[in-house]
Amino acid sequence: MAILVEQVLNGINYGLLLFLIAAGLSLVFGVMHLINLAHGSLFMVGAFAAAAFAHITKNFLLSVICATLLAAAVGWLVERVIVRKLYARSHLDQVLATFGLILFANELLRWISGGVPQYVPSPGLFSGTVMLPGGIEYPAYRMMVTSIAAIAALAMWMVIAKTRAGMLVRASASNPTMVRHIGFDVGLISTLVFAVGAGLAGLAGALTGPLVSIEVGMGEQVLILSFVIVVIGGLGSIRGTFLAAMMVGLVDTLGRALMPLALSGIFSARAVSSFAPALSATLVYILMAVVLIMRPQGLFAR
Amino acid sequence: MRHLEKPVVLDLQRPTNVAARIVGGVRSYAANALLVALLALAPFLFESHIVGSLTRGMIYGMAACAVGFIIRCGGMVSFGHAAYFGLGAYSVLIAQKIGLTEALLIWPIAVLVSAAASLAIGSLSLRTRGVSFIMITLGFAQMVYFVISSVQGLGGADGLGLQARNQIGGVSLESPTRFHFVVLALLLVVFCVLSRVGRSPLGMALAGIRQNERRLKALGYNTTRLQLTAFVLSAAITGLAGALAAEFYLYVSPGLLHWIVSGELLVMATLGGVTALMGGLFGALVLLLAEVLISEFTTYWRMALGPVVIVAVLYLRQGLQPALQKMLGGGRD
Chain X
2 MAILVEQVLN
12 GINYGLLLFL
22 IAAGLSLVFG
32 VMHLINLAHG
42 SLFMVGAFAA
52 AAFAHITKNF
62 LLSVICATLL
72 AAAVGWLVER
82 VIVRKLYARS
92 HLDQVLATFG
102 LILFANELLR
112 WISGGVPQYV
122 PSPGLFSGTV
132 MLPGGIEYPA
142 YRMMVTSIAA
152 IAALAMWMVI
162 AKTRAGMLVR
172 ASASNPTMVR
182 HIGFDVGLIS
192 TLVFAVGAGL
202 AGLAGALTGP
212 LVSIEVGMGE
222 QVLILSFVIV
232 VIGGLGSIRG
242 TFLAAMMVGL
252 VDTLGRALMP
262 LALSGIFSAR
272 AVSSFAPALS
282 ATLVYILMAV
292 VLIMRPQGLF
302 AR
Chain F
883 MRHLEKPVVL
893 DLQRPTNVAA
903 RIVGGVRSYA
913 ANALLVALLA
923 LAPFLFESHI
933 VGSLTRGMIY
943 GMAACAVGFI
953 IRCGGMVSFG
963 HAAYFGLGAY
973 SVLIAQKIGL
983 TEALLIWPIA
993 VLVSAAASLA
1003 IGSLSLRTRG
1013 VSFIMITLGF
1023 AQMVYFVISS
1033 VQGLGGADGL
1043 GLQARNQIGG
1053 VSLESPTRFH
1063 FVVLALLLVV
1073 FCVLSRVGRS
1083 PLGMALAGIR
1093 QNERRLKALG
1103 YNTTRLQLTA
1113 FVLSAAITGL
1123 AGALAAEFYL
1133 YVSPGLLHWI
1143 VSGELLVMAT
1153 LGGVTALMGG
1163 LFGALVLLLA
1173 EVLISEFTTY
1183 WRMALGPVVI
1193 VAVLYLRQGL
1203 QPALQKMLGG
1213 GRD
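Keeping their order, the protein sequence lines are chains X and F.
Reading the first sequence from the start, the letters are residues 2 to 303 in the working numbering.
Reading the second sequence from the start, the letters are residues 883 to 1215 in the working numbering.
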């Protein structure tokens, strides 16, 4: 029971982090119709930057904020220099150019980091565990990550749904020509959306840092899962992206944790240890296949 | 690149005079003919390591041409062809593990395995179009990667070596020169197949789907089925290329299934020019040449490759093969 609760919480934690990444992907696609493969690289930049800033400042929260801002700044720069030219192009061109960006970013960080995985300890204040109601212990750091990610997700939803700026973003998604004609700078809105998406990915990377080893290629792992999420949720729907992210986070985490347990009742331990990892790694994709069979346009497509 | 959206004007006024047709034909194939001649003469002209690079270029070029084919015919951008490439390679490994050494038996098995996988993945992925199709092909390819790299019997994440290169009808392929010619011959067969399919009613319908799928549907075509046919053909060819890659490296690892291979194949196809039958081969050879040259100076050669790809996408509109073709004065491909 305790394991189950802990794994569900881990799943929610993972789902929220994935949402921060997939939301940026979905927003950028919704407003600019751009498929951005390099979005995962911004996640990686966030993680590496947080590790570097943590080294310098010795302050975890400060390093997370700096890393988020740095990722947003990188996003701003990349949008202005390269991505902007891709909006009018075919999806094939967008895929290729952003693939080029990945190659560059990966190699640059491999060069800077020397190809060695980086580790960041969880910040001292949050290195223990918290007691949940029911007497279940849960790592405090994960709890904090869950809270920060939930706040960020909520803040993003508030901005998009309730503010004037959010209204402009939604308007640019549905009719950019009209937005331009009533006197707003759609180019600037695009840059801002891209930078905010980059910042969210960077935030997710910075928060993930202490949970994993920070290495080159970590971005593509989450990028591909984000793609799965966006497809399951329905392209351009933030609500769908959120629910799909939670589904994928839970399925992936619970699958990895519970699949060996469930199978050990049926097969020998040796057989389980040989194919349980393979089977649990495919669960997310099986989910995607089922959704495609039932609703090819995604669960919450408009 | 951007020309993809433009409708293709069919050349209806081909020369009727036989002699003029032959001359015109030779001229319009000049770039391709020069490249094939170069590849055929390579073992007599260059040192063995350059010939090896060219063999590798042909193998990747074969896969890249298959990737380009479904963009040109059917408008499908697949970001998951590494799965079929890798499955072809792993088929060779498995075949050798159960004791087969006859390439004429093993390679068709590799082709069938890749084709079967693509039939399943393709029929699911083709429930969507455009961006979702790109993302889903990538997702399923990643699934194949995870599954295969977690099977310990196949070497897990490290991969396994092959004992020796397989034989063709009892003839050993150990000699690099002989293997080079076998790959070249298979490549030419692939080009014949792709060229014939491209000109067949199926190919015409597929080209129509790229330009305007809705119209083809209205004309009564079952567009999804046509696209699936092309997708499976493309994956089968990629599987053959993967089998050849296993024979070339004599080593099979999950690296062959990695998503970056899918990306590289797309880059090769587009760099060479997706409108051209042999574009992928041009792209693969140029890319591998660039790799060899840049890696002389630095191990971080991809850092230079990234910007090259971006600049090529932004400013090189049509790809290398068509550009070269225009330089040589030929007409259509």
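Every residue, glycine too, gets a C-beta built ideally from N, C-alpha and C.
Bridge-paired residues (DSSP) for residue i
i: Pro1083/F; result: In DSSP, Pro1083/F forms no bridge with anything.
i: Ile1050/F; result: Val1053/F
i: Glu1178/F; result: Looking at the DSSP assignment, Glu1178/F forms no beta bridge with any residue, so it has no partner.
i: Leu1042/F; result: Val1134/F
i: Ile215/X; result: Gln119/X
i: Glu984/F; result: Gln1049/F
Residue interval of the beta strand (DSSP E) (run including residue i)
i: Met132/X; result: Thr130 to Leu133
i: Pro140/X; result: Ile137 to Pro140
From the options, residue whose alpha carbon lies closest to that of residue i
i: Ser1082/F; options: Cys955/F, Leu921/F, Glu1095/F and Gly950/F; result: Cys955/F
i: Ile4/X; options: Pro211/X, Tyr88/X, Met159/X and Gly256/X; result: Gly256/X
i: Glu984/F; options: Gly950/F, Asn1048/F, Leu927/F and Gly970/F; result: Asn1048/F
i: Gly167/X; options: Thr69/X, Ile239/X, Leu300/X and Met289/X; result: Ile239/X
i: Ala68/X; options: Met295/X, Ala199/X and Leu251/X; result: Ala199/X
i: Ile941/F; options: Leu1170/F, Arg1184/F, Ala1127/F and Thr1181/F; result: Ala1127/F
i: Asp94/X; options: Leu1210/F, Gly981/F and Val1156/F; result: Val1156/F
i: Leu236/X; options: Gly129/X, Pro297/X and Ala302/X; result: Ala302/X
i: Leu26/X; options: Leu104/X, Ser191/X, Arg81/X and Arg181/X; result: Ser191/X
i: Ile149/X; options: Val96/X, Ala207/X, Ile57/X and Gly136/X; result: Ala207/X
i: Ala151/X; options: Ala53/X, Phe61/X, Asn14/X and Pro297/X; result: Asn14/X
i: Gly1161/F; options: Arg1184/F, Val1143/F, Ala1089/F and Leu1076/F; result: Leu1076/F
i: Glu1129/F; options: Val933/F, Ser1032/F, Gly1037/F and Thr937/F; result: Thr937/F
i: Ala873/F; options: Ala172/X, Trp112/X and Ser128/X; result: Chain F is shown from 883 up to 1215; residue 873/F falls before or after that span and cannot be answered.
For residue j and residue i, the rounded distance between their alpha carbons
i: Ala1112/F; j: Glu929/F; result: 38 Å
i: Arg884/F; j: Ala55/X; result: Only weak support is given to the placement of Arg884/F: the predicted model assigns it a pLDDT of 42, under 50, and the question is left unresolved by the model.
i: Ser935/F; j: Leu1066/F; result: 13 Å
i: Arg1199/F; j: Ile161/X; result: 37 Å
i: Asp1215/F; j: Leu102/X; result: With a pLDDT of 44 at Asp1215/F, under the threshold of 50, the modelled position of that residue is not reliable, and the figure given next carries that caveat. Distance between the alpha carbons of Asp1215/F and Leu102/X: 32 Å.
i: Gln1203/F; j: Val1195/F; result: 15 Å
i: Ala1123/F; j: Ile1176/F; result: 25 Å
i: Lys888/F; j: Gln1093/F; result: Below a pLDDT of 50, predicted positions are generally treated as unreliable, and Lys888/F, at 45, falls in that range; the measurement from the model is reported next regardless. Each residue's Cα considered, the two are about 8 Å apart.
i: Tyr142/X; j: Asn11/X; result: 11 Å
i: Leu1042/F; j: Gly970/F; result: 14 Å
i: Asp253/X; j: Ala912/F; result: 53 Å
i: Leu886/F; j: Tyr1197/F; result: Because Leu886/F carries a pLDDT of 46, less than 50, the predicted location of this residue cannot be relied on, and the following value inherits that uncertainty. About 15 Å.
i: Val1064/F; j: Ala39/X; result: 39 Å
i: Ala977/F; j: Phe276/X; result: 21 Å
i: Leu226/X; j: Leu1169/F; result: 29 Å
i: Arg165/X; j: Ala89/X; result: 26 Å
i: Val117/X; j: Leu1138/F; result: 23 Å
i: Thr1180/F; j: Gly1052/F; result: 42 Å
i: Gly188/X; j: Thr99/X; result: 19 Å
i: Ile137/X; j: Thr130/X; result: 10 Å
i: Ser1000/F; j: Val993/F; result: 11 Å
Within 7 Å, strictly: CB atoms of residue i and residue j
i: Thr283/X; j: Met1025/F; result: yes
i: Leu43/X; j: Ala72/X; result: yes
i: Val121/X; j: Ser1014/F; result: no
i: Met289/X; j: Gly16/X; result: no
i: Ala945/F; j: Phe967/F; result: yes
i: Val223/X; j: Val249/X; result: no
i: Leu28/X; j: Val217/X; result: no
i: Ala1023/F; j: Gly962/F; result: yes
i: Tyr1027/F; j: Pro925/F; result: no
i: Ala205/X; j: Val32/X; result: no
i: Leu1008/F; j: Gln1109/F; result: yes
i: Gly1201/F; j: Gly1154/F; result: yes
i: Val1134/F; j: Leu975/F; result: yes
i: Ser973/F; j: Ile953/F; result: no
i: Leu97/X; j: Thr1152/F; result: yes
Range covered by the alpha helix (DSSP H) that runs through residue i
i: Thr1010/F; result: Note, Thr1010/F: premise wrong, no alpha helix (DSSP H); not H, not E.
i: Gln1203/F; result: Leu1202 to Met1209
i: Leu17/X; result: Ala3 to Met33
i: Lys59/X; result: Counting along the chain, Lys59/X falls outside any alpha helix (DSSP H), and DSSP gives it neither H nor E.
i: Phe823/F; result: The requested residue 823/F is not part of the displayed model; chain F covers only 883 to 1215.
i: Pro305/X; result: The displayed coordinates of chain X run from 2 to 303. Any statement about residue 305/X would go beyond what the structure contains.
i: Met958/F; result: Careful: Met958/F lies outside any alpha helix (DSSP H) and carries neither H nor E.
i: Phe951/F; result: Ser930 to Arg954
i: Leu104/X; result: His92 to Ser114
i: Arg1097/F; result: Glu1095 to Ala1100
i: Leu189/X; result: Val187 to Thr209
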